[in-house]
Ligand SMILES: [Zn+2]
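Residue numbers (our numbering): 808 to 989.
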């Protein structure tokens with residue numbers, strides 16, 4: 808198991824102004840974080856830390872892949888990840904996490920980069936997570952559609968094509984919308 812302790816940087820006791828860290832994230836990383844959306848993954852992270860006066864500039868490069876659940880068939884979906892992110896960190900009385908700056912408690916001065924890395928990954932995942940057309944687990948789709956007959960692939964439009972005009976039933980328009988969006 809990967810101990811998350813390696814991801815804790817003691818900002819008050821850094822020697823020198825420039826540091827580099829590398830991490831290899833595997834399935835254990837996501838299991839330890841109890842991260843529900845990302846189940847597994849394999850990523851390399853390089854982190855460059857620069858101390859500039861009283862603040863810390865952190866530059867992350869994260870590359871690899873993660874597995875999430877496919878929205879359509881609920882099976883594993885592999886997503887490639889390549890992320891460059893920068894964040895400024897400083898010590899302060901009240902810890903906080905904003906878009907621009909992360910404030911770490913000056914009392915202990917420990918920055919946990921595991922959560923930062925996880926949040927960067929989440930931020931960069933697409934909103935819609937699906938296999939490419941035709942690559943979903945067909946058995947799962949069948950089983951799922953038993954409970955949602957309205958999105959069944961086998962449904963045939965009422966002879967709209969034959970007559971050359973659209974079916975009047977608004978439910979078919981809705982269905983077409985769903986199919987087109989997939
Ligand atoms: Zn799928």
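Here a beta-carbon is modelled for each residue, glycine too, at the ideal position from N, C-alpha and C.
Neighbourhood of residue i by C-beta distance below 8 Å, restricted to the same chain and skipping five residues each side
| i | result |
| --- | --- |
| residue 885 | 872, 873, 874 |
| residue 935 | 878 |
| residue 910 | 896, 897, 898, 899, 901, 902, 903, 904 |
Beta-carbon contacts of residue i that lie in its chain and below 7 Å, excluding the five residues immediately before and after
| i | result |
| --- | --- |
| residue 817 | 916, 917 |
| residue 862 | 895, 896, 897 |
| residue 869 | 850, 852, 888, 890, 924, 927, 928 |
| residue 837 | 845, 846, 847, 848 |
Spatial neighbours of residue i in its chain, beta-carbon cut-off 6 Å, leaving aside the 5 residues before and after
| i | result |
| --- | --- |
| residue 944 | 880, 882 |
| residue 830 | 852 |
DSSP bridge partner residues for residue i (one or two, in chain order)
| i | result |
| --- | --- |
| residue 889 | 870 |
| residue 917 | 817 |
| residue 951 | In the DSSP output, where bridge partners are listed per residue, residue 951 has none listed. |
Per-residue burial, residue i [other beta carbons within 10 Å of its own, 16 or more giving buried]
| i | result |
| --- | --- |
| residue 845 | buried |
| residue 966 | With a pLDDT of 47 at residue 966, under the threshold of 50, the modelled position of this residue cannot be trusted, and the question is left open. |
| residue 865 | buried |
| residue 941 | exposed |
| residue 867 | buried |
| residue 992 | Outside the shown range of the chain (808 to 989) lies residue 992, about which nothing can therefore be said. |
| residue 921 | buried |
| residue 848 | buried |
Identify every run of the beta strand (DSSP E) within the segment 827-876, keeping only runs that are complete inside it and at least 3 residues long; order them along the chain.
-> 847-859, 862-876
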